[in-house]
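What follows is a set of notes on a single structure, which appears directly below.
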Amino acid sequence: EDQVTQSPEALRLQEGESSSLNCSYTVSGLRGLFWYRQDPGKGPEFLFTLYSAGEEKEKERLKATLTKKESFLHITAPKPEDSATYLCAVQPHASSNDYKLSFGAGTTVTVRA
Amino acid sequence: NAGVTQTPKFQVLKTGQSMTLQCAQDMNHEYMSWYRQDPGMGLRLIHYSVGAGITDQGEVPNGYNVSRSTTEDFPLRLLSAAPSQTSVYFCASRRRGQEVYEQYFGPGTRLTVT
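Each protein sequence line maps, in turn, to chains C and S. Just so you know, we're using our numbering here: the first sequence kicks off at 701 and counts up by one. Just so you know, we're using our numbering here: the second sequence kicks off at 444 and counts up by one.
Right under this line is the structure:
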């Protein structure tokens, strides 16, 4: 069974204090790993896709990296507007169900000014 | 475009009551789905639809019914609410050809069953 574990559950940062979120996964052949941002009272919003170990993607202060067992979301010099819950999800290869996605429980990031 | 809309935003039910969570999208997307999100757990797929008249079960379908009579609407029905169905429910949609991770999520309905 596919499993996605995110750590830590919550992260409190001072503005400008860089940090990393972890997403470890077990899946029967990885088709893709995805990061989402979720603001309070809203649905998840897609951020990144990663397909193979060694791949990196960047967007503003966020950088996502992928290894064979985990992914990291690095937040560099965060600002208060980066406060959100960050979700990780994996999709297995060759699934007969195009909808098969396994989500982690998320890491809630709070950035204080 | 309003995107994906959900009503109501909040709902409190008593055990055994029934209700329908509404979901609509104005992007002419063929694919629509329902997820539930519980504390400490990831989003879990309840039901999905690949077009009007076609629905299928996801990971946690028990206690929920869906139908898809139009492209725009995909209501989720709770037949006899139970406390275990207390959750935040998200509807999502995407067009055929888009990858599942690209789907657009609605703002959610927070349901409490007492």
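Ideal placement from N, C-alpha and C gives every residue a C-beta, glycine not left out.
In chain order, each beta strand (DSSP E) run of at least 3 residues that lies wholly inside the segment 483 to 535 of chain S: 487 to 494, 497 to 500, 507 to 509 and 519 to 521
How many Å lie between residue 740 (chain C) and residue 781 (chain C) at the Cα? Indexing the first sequence from 1 puts residue 740 (chain C) at position 40. Indexing the first sequence from 1 puts residue 781 (chain C) at position 81. If I take the Cα positions, the gap works out to 12 Å.
Same chain, Cβ closer than 7 Å to residue 467 (chain S), neighbours up to 5 away in sequence not counted: Mapped onto the second sequence, residue 467 (chain S) falls at position 24. For residue 467 (chain S), where only same-chain residues beyond five positions count, the Cβ hits under 7 Å are 448, 515 and 516.
Does the separation of the CB atoms of residue 721 (chain C) and residue 773 (chain C) fall below 7 Å? Position 21 of the first sequence holds residue 721 (chain C). Position 73 of the first sequence holds residue 773 (chain C). Yes. Within cutoff.
Proximity winner among C:730, C:804 and C:732, relative to residue 786 (chain C) (alpha-carbon distances): The count along the first sequence starts at 1 and reaches residue 786 (chain C) at position 86. For residue 786 (chain C), the nearest C-alpha among the options comes from C:804.
Can you check whether the C-beta of residue 734 (chain C) is within less than 7 Å of a C-beta belonging to chain S? Within the first sequence, the letter at position 34 stands for residue 734 (chain C). For residue 734 (chain C), the answer is yes, since a Cβ of chain S falls inside 7 Å of its Cβ.
Out of C:726, C:766, C:749 and C:727, which one is the CA nearest neighbour of residue 737 (chain C)? Reading the first sequence from its first residue, position 37 is the one you call residue 737 (chain C). Ranking the options by Cα distance to residue 737 (chain C), first place goes to C:749.
Quick check on residue 474 (chain S): buried or exposed, where buried means 16 or more other Cβ atoms within 10 Å of its Cβ? If you number the second sequence from 1, residue 474 (chain S) lands on position 31. So residue 474 (chain S) counts as buried.
Can you confirm whether residue 484 (chain S), when its beta carbon is compared against all beta carbons of chain C, has any partner nearer than 7 Å? The residue given as residue 484 (chain S) occupies position 41 in the second sequence. At least one chain C Cβ lies under 7 Å of residue 484 (chain S).
Should residue 538 (chain S) be labelled buried (16 or more other beta-carbon atoms within 10 Å of its own) or exposed? Looking up residue 538 (chain S) in the second sequence gives position 95. By the neighbour-count rule (16 or more Cβ atoms within 10 Å), residue 538 (chain S) is not buried but exposed.
Name, please, each residue of chain C whose Cβ falls closer than 8 Å to the Cβ of residue 544 (chain S). The residue given as residue 544 (chain S) occupies position 101 in the second sequence. The answer, in chain order, is 732, 734, 746, 749, 789, 791 and 801.
Counting along the chain, where does the beta strand (DSSP E) carrying residue 774 (chain C) start and finish? On the first sequence, residue 774 (chain C) is found 74 positions in, with the first residue counted as 1. Note, residue 774 (chain C): beta strand (DSSP E), 770 to 775.
Own chain residues within Cβ distance below 6 Å of residue 802 (chain C), not counting five before or after: Locating residue 802 (chain C) in the first sequence gives position 102, where the first residue counts as 1. Same-chain partners within the cutoff: 702, 704 and 790.
Are residue 556 (chain S) and residue 456 (chain S) close, meaning C-beta to C-beta below 7 Å? Taking the second sequence and counting its residues from 1, the one referred to as residue 556 (chain S) is at position 113. Taking the second sequence and counting its residues from 1, the one referred to as residue 456 (chain S) is at position 13. Yes. Within cutoff.
Check each residue of the segment 476 to 506 of chain S: if its Cβ is closer than 7 Å to any Cβ of chain C, include it; give the result in chain order. 476, 483, 484, 485, 486, 488, 491 and 501
Counting contacts by CB-CB distance shorter than 7 Å, is residue 729 (chain C) in contact with chain S? Numbered from 1 along the first sequence, position 29 holds the residue referred to as residue 729 (chain C). Chain S contact via Cβ: absent.
Who are the neighbours of residue 533 (chain S) on chain C, taking C-beta pairs under 8 Å? Stepping through the second sequence from its first residue, residue 533 (chain S) is reached at position 90. Here the neighbours are 743 and 744.
Locate the beta strand (DSSP E) running through residue 462 (chain S), then write down its first and last residues. Taking the second sequence and counting its residues from 1, one reaches residue 462 (chain S) at position 19. That run of the beta strand (DSSP E) goes 462 to 468.
Taking DSSP as the reference, what is the three-state secondary structure of residue 778 (chain C)? Position 78 of the first sequence, counted from the first residue, corresponds to residue 778 (chain C). In the displayed model, residue 778 (chain C) falls within coil according to three-state DSSP, outside both helix and strand.
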